[in-house]
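*Asks:* Mind having a look at this structure? Questions to follow.
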Ligand SMILES: CC(C)(COP(=O)(O)OP(=O)(O)OC[C@H]1O[C@@H](n2cnc3c(N)ncnc32)[C@H](O)[C@@H]1OP(=O)(O)O)[C@@H](O)C(=O)NCCC(=O)NCCS
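Numbering (this note's numbering), first residue to last: 13 to 193.
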């Protein structure tokens, strides 16, 4: 990556890094005493938004959450720690990576339990999309994530186009069936 092309206002990944720790309470669990997937997704969304807010310094909305792998269950009483940072900023959108660990409070064992990528879009006070600063990756890992984020964006765009085509085809078929009846 040519850092010369970056705007002087570009922000570092470190300036976006965010962290949140929660204790898993009975209300957060299913019958087996495992943290509910939806509750974990909520924590992921919030922690991802923190990094996006730090980058954009503006309102942000969640535009997309990529698939999440729940690698292993999180148990009642565990401490869940989530860490996020911006992987890449585009025009008004940012890809944020969130990684989640669970800590058994009795044994101290810590395990990676989930990871996710989310896209946030910056908005002004009137709800119009807002341009965000560029991101400046500094370490080899940050450069790798920066480059991978572009590939994931291209994949998301292809998927969105495919879904739109699918919806148009269904609408056209429905209209044709309506005309026939
Ligand atoms: C996300 C949203 C603002 C995009 O609006 P839009 O009219 O499609 O805006 P644009 O076409 O100008 O796209 C703006 C950016 O969003 C990105 N985007 C839009 N839809 C997206 C999607 N489904 N996945 C990933 N990125 C998306 C575009 O790629 C673009 O990025 P860029 O500016 O960096 O190139 C709009 O769909 C929205 O408000 N969605 C609801 C958000 C919400 O309520 N979230 C939950 C609560 S926070």
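Glycine included, every Cβ here is placed at the ideal spot set by N, Cα and C.
Alpha carbon to alpha carbon, what distance is there between residue 66 and residue 144?
*Replies:* Sequence index remark: in the chain shown, residue 144 carries index 132 (1-based). Sequence index remark: in the chain shown, residue 66 carries index 54 (1-based). Residue 144 and residue 66: Cα-Cα distance of roughly 11 Å.
*Asks:* Less than 8 Å between C-beta atoms, sequence neighbours within five positions excluded: which residues of the same chain meet that for residue 21?
*Replies:* Counted from its first residue, the chain shown places residue 21 at position 9. Contacts found: 145 and 146.
*Asks:* Does the Cβ of residue 90 have 16 or more other Cβ atoms within 10 Å, making it buried, or fewer, making it exposed?
*Replies:* The count along the chain shown starts at 1 and reaches residue 90 at position 78. Counting Cβ neighbours within 10 Å, residue 90 comes out buried, since at least 16 surround it.
*Asks:* With DSSP run on the structure shown, which of helix, strand or coil describes residue 16?
*Replies:* Counting from 1 along the chain shown, the entry for residue 16 is found at position 4. Note on residue 16: pLDDT 48, under 50, position unreliable in the model; the coordinate value appears next. Residue 16 falls in the helix class under three-state DSSP.
*Asks:* In terms of alpha-carbon separation, which member of 74, 84, 98 and 123 lies closest to residue 158?
*Replies:* Residue mapping note: residue 158 aligns to position 146 of the chain shown, counting from 1. Ranking the options by Cα distance to residue 158, first place goes to 98.
*Asks:* Excluding the five sequence neighbours on either side, which residues of its own chain have a C-beta within less than 7 Å of the C-beta of residue 48, listed in chain order?
*Replies:* Taking the chain shown and counting its residues from 1, the one referred to as residue 48 is at position 36. Contacts found: 40, 41 and 42.
*Asks:* Inspect the CB distances between the segment 123 to 139 and the segment 79 to 93 and report whether three or more fall short of 8 Å.
*Replies:* Touching, per the Cβ criterion.
*Asks:* Starting from the C-beta of residue 116, find all residues in its chain whose C-beta is less than 7 Å away, skip the five residues before and the five after it, and write them out in chain order.
*Replies:* Numbered from 1 along the chain shown, position 104 holds the residue referred to as residue 116. Within the same chain, residue 116 has close Cβ partners 90.
*Asks:* Since residue 96 and residue 30 are thought to touch, with beta carbons under 8 Å apart, how far apart are those beta carbons, to the nearest angstrom?
*Replies:* Your numbering for residue 96 matches position 84 in the chain shown. Your numbering for residue 30 matches position 18 in the chain shown. Correct: roughly 5 Å between the Cβ atoms.
*Asks:* Determine the closest residue to residue 25 out of 76, 50, 79 and 108, with distance taken between C-alpha atoms.
*Replies:* On the chain shown, position 13 is the one that residue 25 refers to. Among 76, 50, 79 and 108, the Cα nearest to that of residue 25 is on 108.
*Asks:* Would you verify that the beta carbon of residue 34 is, or is not, closer than 7 Å to some beta carbon of chain D?
*Replies:* Given the protein chain composition of this structure (a single chain), no chain D is represented.
*Asks:* Where DSSP assigns a beta bridge to residue 150, which residues make up the other side?
*Replies:* Residue numbering aside, residue 150 sits at position 138 when the chain shown is read from its first letter. The partner list for residue 150 (beta bridge, DSSP) is empty, contrary to what the question assumes.
*Asks:* Could you have a look at residue 91 and say whether DSSP puts it in helix, strand or coil?
*Replies:* Residue mapping note: residue 91 aligns to position 79 of the chain shown, counting from 1. In this structure, residue 91 counts as strand in the three-state DSSP scheme.
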